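Here the protein sequences come in this chain order: A and B.
Under the numbering used here, the first residue of the first sequence is numbered -12, with each subsequent residue one higher.
Under the numbering used here, the first residue of the second sequence is numbered -12, with each subsequent residue one higher.
Where is the CB? At the ideal position from N, CA and C, for every residue including glycine.
Note that the structure is a prediction, hence the values are computed from the model and not measured.
Here is the structure we will look at.
There are 2 protein chains.
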Amino acid sequence: MSTFQVVQKPEGKFKIKFLPNNVEIDVFKDGENLLKIAMAAGVHINASCGGIGSCGKCKVKIKGDNYIGGKSPKLEKEEIEEGFRLACLTKVKGPIEVDIPKESQIDSSVFQLDKDFLLSSSKIKHLLPSFSLNPTVFKIYLELDKPNKDDNINDLDRLIRAIKKKHKFEKITATFDVVLKLPYIIRESDWKVNVTLVALEENYKIIDVDPGTINIRNYALAVDIGTTSVSAQLIDLNKCFLNYTGIDEVDISGHESVVGEHSLYNAQVSYGEDVITRIVFSLKGDGLKTLQQAIVKTLNEIIENIINKSNISKDEISFMVVAANTTMTQLFLGVSPKYIREAPYVPTAKTFPLVHAHLLGLNLPNHIYTYTFPTVSSYVGGDIVSGVLATGIYQQREITLFMDIGTNGEIVLGNQDWLVCTSCSAGPAFEGGGIKNGMRASLGAIDHVKINPTNFEPMIMAIGDDSKPIGICGSGLIEIISEMLITGIINQNGKFNRDLNTPRVREGDEGGYEYVLVWAKDSGIGTDIVINEADIDNLMRAKGAIFAGCKTLLDSVGMTFKDLQRVIIAGGFGKFINLERAVEIGLFPEIDFNKFIYVGNSSLLGSRLVSFSKDLMRTAENISNMMTNIELADNVNFMSEFIAATFLPHTDINLFPNTIKKISSIKK
Amino acid sequence: MSTFQVVQKPEGKFKIKFLPNNVEIDVFKDGENLLKIAMAAGVHINASCGGIGSCGKCKVKIKGDNYIGGKSPKLEKEEIEEGFRLACLTKVKGPIEVDIPKESQIDSSVFQLDKDFLLSSSKIKHLLPSFSLNPTVFKIYLELDKPNKDDNINDLDRLIRAIKKKHKFEKITATFDVVLKLPYIIRESDWKVNVTLVALEENYKIIDVDPGTINIRNYALAVDIGTTSVSAQLIDLNKCFLNYTGIDEVDISGHESVVGEHSLYNAQVSYGEDVITRIVFSLKGDGLKTLQQAIVKTLNEIIENIINKSNISKDEISFMVVAANTTMTQLFLGVSPKYIREAPYVPTAKTFPLVHAHLLGLNLPNHIYTYTFPTVSSYVGGDIVSGVLATGIYQQREITLFMDIGTNGEIVLGNQDWLVCTSCSAGPAFEGGGIKNGMRASLGAIDHVKINPTNFEPMIMAIGDDSKPIGICGSGLIEIISEMLITGIINQNGKFNRDLNTPRVREGDEGGYEYVLVWAKDSGIGTDIVINEADIDNLMRAKGAIFAGCKTLLDSVGMTFKDLQRVIIAGGFGKFINLERAVEIGLFPEIDFNKFIYVGNSSLLGSRLVSFSKDLMRTAENISNMMTNIELADNVNFMSEFIAATFLPHTDINLFPNTIKKISSIKK
């Protein structure tokens, strides 16, 4: 008999199968919530509201009778008859099969489309003229003197002496883990070692020691944790360290140094679409733990994917840089975001300590530290600080407006001398939320639209060549509304012209008029794809909030849109927006188009740059301190600007003279 | 059915009972080693050799037949017949009862005797004239401004701002654990908090935050880990911090601040008596882990004892300072001492990083850091640095010789300008090892002896009033040998005068003569207690090594004993030594007795002082760097000095003129 007994994993009471991917899971408890079971099985079902039945997104088709609940006014009568239920309202009593329809699935294929969207070196050089290349975590190869009778100092001091002999580092310490393995490693490797050091503010700390190799490989992970999607890049730090001699010789964008990248939806999406829903979820039971584990799971999957595609081992990674908004930062670290949501909107910290990645649950070696970008306020986070850093606004004389548009619009205004910032809640419209046929920018989403001004017939393009359209994404919405405005289908209030001679404009089921973009026979969902007055209203409020935010920020420093010398559009959504159309609906200001720069995911770019340079880590801190946050929550000026901007393009025609001219000319 | 199954702890195959304390343990494996079972049961059996049957100390009496092995030439025939076996050689096959005889038990009662041996404040003031009182870890009470619309900085910066407002700390950071609990604590305690900070070299780090109390309690643990015994004191840090205004107002010895103390034998003793045996044990299987857990177990017991006697909770402790020799330091931290024993005798580090106590296995709250004193070399450790610090040698003009005598004798020589040090292996004789009736200084040990020079009858005293003598401890040995020398029972070679008219001097069983100190009828072990020529030889070599070490150290700087202005005797053993007798056998030099100072456990004293003052932490580092280690292992001068000193008192009569006079006068 052995001292230990093997405990077998008990079998569940029954099994649940999820289609279309045939995922099976054992269930142990009667009456378990179906959405929870899906999450446990790693099956994603869209759910925007955090599981309270209010969004109606988690529609699934159930085969079998072993469940109760799941019905909701969000489902059509026919759907209920066919077996459709809301997963979040369904309690499972026995084995069933659950079919997840296309519109409830999360589709990651969109990320493949983004892959090539990266700023060129020359463009970044223009944005960010100077910084020193000097990675926070770096490795050096050393051959130690072997100890003898006359030189028998201890192992650690021998190592430190050798480092000091080669480099001008004044103070060097070591982690306890290094001390534990040091005596074995140096002797097994015949006194030739690779040493990994992190440059802290006051000293250098040895965080790892390995048998020496002449070609030292040293990688970092640059990460952007978005509310919706998470992106990471594996960076070859030697690509800059080897070229340390001068800025002109290196690829300053770090573009060449990217040896792998991957993106996934943030698994937290299953618990709510926006930060507020997530914060609310985090306050219930072990919600905080659930959300922390969800983002860690996403990151582990991303890292696994990148590593599997590369010839690099995890041991060769030595640092991880994360940029995220304040709520995502706190959820990633397991710090409750409770007080972010309660007035006076206080985050727990601006600068979080370096944390060992493995302590957060990441499947990474023990020596790897995670650096999170400092935040500014509860709603202007590390992703924006990272974006400001990457785009060099803080170094330039030009007055720049920086906009990162998503469910929250974060806006920064300023130059090398001053920076003000704010955040305005745009709602989920830009990501297809709250829009009848809205969807994220994934396969089958309509993203380009032209409408023939004579017969009002549309020409549409959807993402993916072979897909029938299944919905409209944010950038598509902007184009549709701008086209409808310019062709006179809708007026500047966003209401339909009911006198047009076309079957496409009709009264909808829910009252109000709608425009049919795709007839049922041509759509991938079996019903017409339409846009209605409520949808237009939602988008007008979204773009109105962003525009009013910009205007309020300018007002706060006594400036107008004419003073802007540059407008930087950042973010995953921003890069798909058609500039002209965005101006026409009044999302962007009507100024010289040449002043606009699209930078894509500047948050990820900033992460990458910081992994290259400890000085930039300090710069991030300085930027965060330099940014003055303007709270819009009870700002009277913002409220009146918002009302003025909830119009197409704006109630103040002087702000959009060319657009007004266009509208007038078509109407004639 | 629940998701989890309760797994019952399986019953053992059979039980072993240990007497006299009736401890029972379940055994799962046939043929398990009896010493290992005893260790697992928490039952101590003396074992000096690390379990290889060579020391013969682990003698036990077994009732029952379910075992094999255990016989040894170390046991008398009669003993084997009575059921005595060596535990380390016995393999258990079924239930047995194991009786541990007195001489195999570890007895902690001796520590109670030490309790009152502490240096007075005035004495320490004399030794150590100045240091600033400024604890490394301290607590402050703060009332934070509540956040509002116009002051909504994050929680951490709010806390740091409040600290800076009250104190002139420039750079303040926080641990991740603090960040995690901060938002809850400050709000639950209505923005009144106690903050625990550690003063590091470059900054202050917040390591804990608790609800505020007006009377802040703040304690430290000062620990001395000896090869044989472990002592700890619980220190009230406020006792000095409250009196921060000036050195004259406070109790500089920290004597008053000791609110609890306890000592135990180092549980590692079961795996070998000296550092070399321990190092050898650490290299076998998971020996390192076993030894690390053994010392942690001892410390946990000591801490539990101190806490139980006090009204202080573990949460009120905020720092732990440990002084230990190099091997004990590394074993405590779990760092392999392998290379300490292999030429060129290299420790892993001189200064180990601060380590979280709970990570070492100590039952202490997560925020407590453990500081270990820096070492000098493989055989001059942190306990000696601590002793040099506590006795202020490094601050004084006077040339001082510092001796810490145990199984190793560590010697330091110098003053404020220079310090040289060495370590010489004295062997276990001073702790009763290798002596036929030798034992540690515990209950029943003979520690004082006078011999009547006319009839050679002894007058003895043993430790503990009611105990019959059961052996001779180190200080007793010194007295016996000095008495025998002075009364002419032995000559200067340590050989017996065979012509004396007394039954007490006789030929022993094992060849050579012996002196009977206690007849069987008066002894607690049922046999005569004797001292034989082999014992005397062992002690001569032990004292010879120490004296030769001192001489070699003096030679190395061109000095003689006459140049010494002070001799400090430190260590648990040292304080029991009769000065006059120690000079007579040639252990101590024959110089003015007034130059000798006994300081007791100066290692523990240094620990206590460092817990009071971060400046002293830096001082310890400086002392360690200041100390030049002289290696005696293949030092030719030492070898010839050793031979000259293996004589009573010494071959050079000029070094001991008074002793020679005494010997001559008695002989006449």
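Answer yes or no: does any C-beta atom of chain B fall closer than 7 Å to that of residue i?
| i | result |
| --- | --- |
| A:V586 | no |
| A:A186 | no |
| A:E189 | yes |
| A:K276 | no |
| A:Y326 | yes |
| A:A207 | no |
Does any C-beta atom of chain A lie closer than 7 Å to the C-beta of residue i?
| i | result |
| --- | --- |
| B:P170 | yes |
| B:D142 | yes |
| B:I640 | no |
Residues of chain B with a CB under 8 Å from the CB of residue i: which are they?
| i | result |
| --- | --- |
| A:G321 | L167 |
| A:K337 | I140, N141, L143 and D144 |
I need the straight-line Cα distance from residue i to residue j, nearest angstrom please.
| i | j | result |
| --- | --- | --- |
| A:V256 | A:S244 | 31 Å |
| B:V492 | B:V503 | 7 Å |
| B:F580 | B:T387 | 14 Å |
| B:S365 | A:L349 | 39 Å |
| A:L406 | A:P576 | 20 Å |
| A:S410 | A:I398 | 6 Å |
| A:E69 | A:V517 | 23 Å |
| B:D370 | B:T285 | 18 Å |
| B:P644 | B:A620 | 30 Å |
| B:V47 | B:P88 | 6 Å |
| A:E260 | A:F560 | 15 Å |
| A:P636 | B:D137 | 34 Å |
| B:L591 | A:M613 | 50 Å |
Quick one: measure Cβ to Cβ for residue i and residue j, integer angstroms, because I've assumed they're closer than 8 Å.
| i | j | result |
| --- | --- | --- |
| B:E11 | B:K78 | 19 Å between Cβ atoms; not a contact. |
| A:A632 | A:A535 | 5 Å |
| A:L464 | A:I533 | 14 Å between Cβ atoms; not a contact. |
| A:K455 | A:D509 | 7 Å |
| A:G481 | A:F629 | That pair is no contact at about 15 Å. |
| B:I172 | B:V180 | 6 Å |
| B:G396 | B:A413 | 5 Å |
| B:G499 | B:E520 | 4 Å |
Kindly list, in the order they appear in chain A, the residues whose Cβ is closer than 7 Å to that of residue i.
| i | result |
| --- | --- |
| B:Y332 | N139 |
Could you name the residues of chain B that residue i contacts, counting a contact when the two beta carbons are closer than 9 Å?
| i | result |
| --- | --- |
| A:T162 | P340 |
At 7 Å on the CB atoms, spell out the chain B contacts of residue i, in chain order.
| i | result |
| --- | --- |
| A:I134 | It should be pointed out that residue 134 of chain A corresponds to Pro in this sequence rather than to Ile. Residues of chain B passing the Cβ test: P331 and V333. |
Give me the residue from the options with the minimum Cα distance to residue i.
| i | options | result |
| --- | --- | --- |
| A:N439 | A:W506, A:L62 and A:G475 | A:G475 |
| A:D602 | A:F1, A:K44 and A:T123 | A:T123 |
| A:E418 | A:G458, A:M446 and A:I222 | A:G458 |
| A:S627 | A:I572, A:S651, A:S652 and A:D542 | A:D542 |
| A:S611 | A:E189, A:I49 and A:G374 | A:G374 |
| A:A435 | A:I447, A:T441 and A:S429 | Looking at the sequence shown, residue 435 of chain A is not Ala but His. Among A:I447, A:T441 and A:S429, the Cα nearest to that of A:H435 belongs to A:I447. |
| A:A507 | A:D515, A:E501 and A:Y500 | A:D515 |
| B:I127 | B:P331, B:K61 and B:N225 | B:N225 |
| B:I473 | B:I294, B:E567 and B:S323 | B:E567 |
| B:I193 | B:T183, B:T200, B:I201 and B:L187 | B:T183 |
| B:K0 | B:N8, B:K16 and B:P7 | B:K16 |
| A:L62 | A:G51, A:D52, A:G43 and A:C75 | A:G43 |
For residue i, decide whether its Cβ has a neighbour in chain E, counting only Cβ atoms nearer than 7 Å.
| i | result |
| --- | --- |
| A:I610 | Judged by its chain identifiers, the structure shown contains no chain E, and its protein chains are A and B. |
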